[in-house]
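Student: Okay, handing you the structure first.
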Amino acid sequence: MTSKQWKTKSQLKKERQVKLSVAILLILISICFLISLNTGHIRLTPQETFMTLIGQGTEQQSLILFDFRLPRMVVAILVGVGLAVSGAVLQGVVRNPLAEPGIIGINAGAGLAVMLFISFFSSASAAPVFVMPIIAFIGAGGAAVLIYVLAYKRHEGISPIRLVLTGVAIAAGINALMIVLTLNLDPENYQFLATWLAGSIWGSNWKFVLALLPWLIILIPFVYVKASVLNVLNLGDETAIGLGAHMEKERRILLASAVGLAAACVSISGGIGFVGLIAPHLTRRLVGDKHEYIIPISAMVGALLLLAADTLGRWMMQPSEIPAGIIVAVIGSPYFLYLLAKTKD
Amino acid sequence: MDALDVNKISVGYSNNLIIKDLSVAIPKHKITTIVGPNGCGKSTLIKTIVRVLQVQSGAVFLEGKAIHTLDTKEVAKRMAVLPQTAQAPSGLTVFELVSYGRFPHRKRMGRLTQKDYEYIYWALDVTGLNDLKDQPANALSGGQRQRVWIAMALSQGTDILVLDEPTTYLDLAHQLDILLLLQRLNKEEGRTIIMVLHDLNHASRFSDYMIAMRDGAVITEGTPNEVMTCDYLRKVFQINADLISCPHSTNPVCLSYQLCKNNSECKVI
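Those sequence lines, one after another, are chains A and B.
So in our numbering, the last one in the first sequence is 788, and the numbering has no gaps at all.
So in our numbering, the last one in the second sequence is 273, and the numbering has no gaps at all.
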């Protein structure tokens, strides 16, 4: 018998669903990409865009396209991918569908670090462009490590629920601290911080693409390979141990990967939440609970969500922009409520 | 050789040991049942055997080798576990869940091999789940779901099967159903089965070997005939049991019982 004959009806059906989902998502991302190329303060007609893409545009047109618009779109896509995969991994590790990178302190930590930096050392605009992401990354990673250490117990290791609760507590503490610190900020820095926290994809040039890409190229295939481990972790500790999973080790590695992905993304995009929560959720509805499918497809859903949000944000209130993080939250939260209402338990 | 040798283990939290210096041997190719009152440490013993809990001292030996020195995946190829509180994530079909039993045998990536499929289909077959394999696992009844977990443990293809209260929450017929299945696996395929049961009569009827525990210690162990005596039942459960011979297995079963208050005589009918 060939392997096709071995497969059950539901397996074949799911494989068809996966293929269909991939195809539809690719089409939607492409459409969104084309629309996004044509969206912005300075409008280019589709023809102009096309001519510029193949190298026939004016200098100004290619400047807009290649130096402003494209890198920003690529950053939006990469950040969407990274946050969605990070969320998918986290939800698997802590066995809680409400987990997202924010609960392990990524956003709060990054926000606090950025804030401390601009309030004590220099003004936001004066800092070299690469300093801010590094500061944010350190803050995000630091908060995640702190939460992990506090949630860790000897002999018992790390339990999902303790991790989640510690995360909530630490994030609340950091947010309170930030409010206190905000009082001392001058208006210019305050505005920078507010936009940063709202998740404007502000790091939009090719250097940021290059800074972000290695994280995704290394960590996403890595967690994809670990899909079967995530599947087993999802069955609960005792079953997973019985099946021969190295619980503590795998959990730590996967958490670290999720932190790395989310911290890298947030340090470049600012405090975008929700993508990491909603993309894996949507994906589960499309393809079920197997992580071989969840990881790649939520990556695509995340890319689509953030690219669409960023495009909308640039288009809605021209010439000013609405941060993509806000758009995601505004569209995402009612949809999320709708999902919850529809989910039968 | 014994399948499992529990050697002088102490288990528990720092000052509060649940099990102290306990030694017991689990015979190969037999059905062994651990019985005892609530809180006697039987689940703790099982959880230590399947390496969910760590020992403070002593060791569990799997066919002569200390289990914590073995690679956990290698252990999983020889011993499968059905925990007391197994829960399925939503959105998995019966087939998918059963296929997870192949986890310790699989390489990092890749599809299920022909051998994997053979084990999965065999497990679905013996548990009578073939017709349900495309159903979502959490839409099944309690009895069916318990079969799914057993099927998952079976597809692991191990010689040893450890089950923590496999019949709890099931009605009478489904309880018997599961136990007959386990008995068949033992008789026809020589699998070693270790389980915790609350129902003494089931334990007596289906076991080759019984271990009775109280307060973290083994009170007695042996064949059902040796363990199911008035004396031991009084010591272990503090009951005066009316024992009769089971018409299906000839092992003693408990017809009815009284709580021990004074030393009232117990009788064998």
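For each residue, glycine too, the CB sits at the ideal point set by N, CA and C.
1) Given that B:Lys137 touches chain A, what residues does it touch there, using C-beta distances under 7 Å?
2) With three or more beta-carbon pairs closer than 8 Å as the criterion, would you say the stretch 492-500 of chain A touches the stretch 760-774 of chain A?
3) Is the CB-CB distance between A:Ile644 and A:Ala742 below 8 Å?
4) Which residues in the same chain as A:Gly582 place their Cβ atom closer than 6 Å to its Cβ, once the five residues preceding and following it in sequence are excluded?
5) DSSP state of A:Met444, grouped into three classes?
6) Would you please verify whether the beta carbon of A:Val666 is less than 8 Å from any beta carbon of chain B?
7) The alpha helix (DSSP H) that contains A:Leu541, what's its start and end?
8) Considering Cα atoms alone, identify which of A:Ala752, A:Leu487 and A:Lys457 is closest to B:Pro140.
9) Apart from the five residues on each side of it in sequence, which residues of its chain come closer than 6 Å, Cβ to Cβ, to A:Trp649?
10) Where do the ends of the beta strand (DSSP E) carrying B:Arg218 lie?
11) Which whole-angstrom value is the C-beta distance of B:Tyr236 and B:Ile223, which I expect to be below 8 Å?
12) Quick one: using the 10 Å Cβ neighbour count with 16 as the cut-off for buried, is B:Ser249 buried or exposed?
13) Can you tell me the Cβ-Cβ gap for A:Thr531 and A:Pro723, rounded? I've got them flagged as a contact below 8 Å.
14) Using Cβ-Cβ distances below 8 Å, what residues of the stretch 703-737 of chain A are close to chain B?
15) What does the alpha-carbon distance come out to for the pair A:Ser712 and A:Gly545?
16) Does A:Met494 get closer than 8 Å to chain B when you measure Cβ to Cβ?
17) Check each candidate in A:Pro576, A:Ile470, A:Leu780 and A:Ala519 and name the one with the smallest Cα separation from A:Ser710.
18) Using beta carbons (cut-off 8 Å, strictly below), is B:Gly40 in contact with chain A?
19) May I ask which residues mark the beginning and end of the alpha helix (DSSP H) holding A:Asn632?
20) Please check the pair B:Glu169 and B:His202, which I expect to be a contact at CB under 8 Å, by giving their CB distance rounded to whole angstroms.
21) Might you give, ordered along the chain, the residues of its own chain that have their beta carbon closer than 8 Å to the beta carbon of A:Leu780, omitting 5 neighbours on each side?
22) Check each residue of the stretch 674-708 of chain A: if its Cβ is closer than 9 Å to any Cβ of chain B, include it; give the result in chain order.
23) How far does the beta strand (DSSP E) with B:Gln262 in it reach, from first residue to last?
24) Use the C-beta contact count for B:Ile198: other C-beta atoms within 10 angstroms, 16 or more gives buried, fewer gives exposed.
25) List the residues of chain B that A:Gln454 touches, going by C-beta distances under 7 Å, in chain order.
26) As a quick exercise: from A:Gln504, A:Met494 and A:Leu729, pick the residue whose alpha carbon is nearest that of A:Val461.
27) Kindly give me the distance between the Cβ atoms of A:Val675 and A:Leu606, rounded to whole angstroms, as I take these residues to be in contact under 8 Å.
28) What separation, rounded to the nearest whole angstrom, lies between the Cα atoms of A:Met494 and A:Leu487?
29) Alpha carbons only, please: which of A:Ala746, A:Ala619 and A:Ile561 is nearest the one belonging to A:Glu631?
30) Comparing the C-beta of A:Ser671 with each C-beta of chain B, is any distance below 8 Å?
31) Would you say A:Ala746 and A:Ile472 are within 8 Å of each other, going by their C-beta atoms?
32) Tell me which residue opens and which closes the alpha helix (DSSP H) that A:Ile790 is part of.
33) Based on the DSSP output, what are the partners of A:Leu780 in its beta bridges?
34) Using beta carbons (cut-off 8 Å, strictly below), is B:Phe65 in contact with chain A?
35) Spatial neighbours of B:Ile124 within its chain, please: C-beta separation below 6 Å, excluding the five flanking residues on both sides.
36) Using a Cβ-Cβ cut-off of 7 Å (strictly less than) and excluding sequence neighbours within five positions of B:Tyr261, which residues of its own chain qualify?
Tutor: So, to answer that:
1) Thr451
2) no
3) no
4) Gly552, Ala553, Leu555 and Ala556
5) For A:Met444, the pLDDT reaches just 46, beneath the cut-off of 50, and the residue's location in the model is therefore unreliable, leaving the point undetermined.
6) no
7) Where A:Leu541 is concerned, there is no enclosing alpha helix (DSSP H), given that its DSSP letter is neither H nor E.
8) A:Lys457
9) Pro514
10) Tyr213 to Arg218
11) 6 Å
12) exposed
13) A small correction: the amino acid at residue 531 of chain A is Ala; Thr does not occupy that position in the sequence shown. About 4 Å separates the two Cβ atoms, so the contact holds.
14) Arg727, Gly731, Asp732 and Lys733
15) 14 Å
16) no
17) A:Pro576
18) no
19) Pro630 to Ala641
20) 6 Å
21) none
22) Asn674, Val675, Asn677, Leu678, Gly679, Asp680, Glu681, Thr682, Ala683, Ile684, Gly685, Leu686, Gly687, Ala688, His689 and Met690
23) Pro256 to Leu263
24) buried
25) Phe99
26) A:Leu729
27) Going by Cβ atoms, the distance from A:Val675 to A:Leu606 rounds to 18 Å, so no, they are not a contact pair.
28) 10 Å
29) A:Ile561
30) yes
31) yes
32) Residue 790 of chain A is absent from the structure shown; chain A starts at 444 and stops at 788.
33) DSSP lists no partner for A:Leu780.
34) no
35) Val102, Ser103 and Ser159
36) Ile243, Asn244, Ala245 and Asp246
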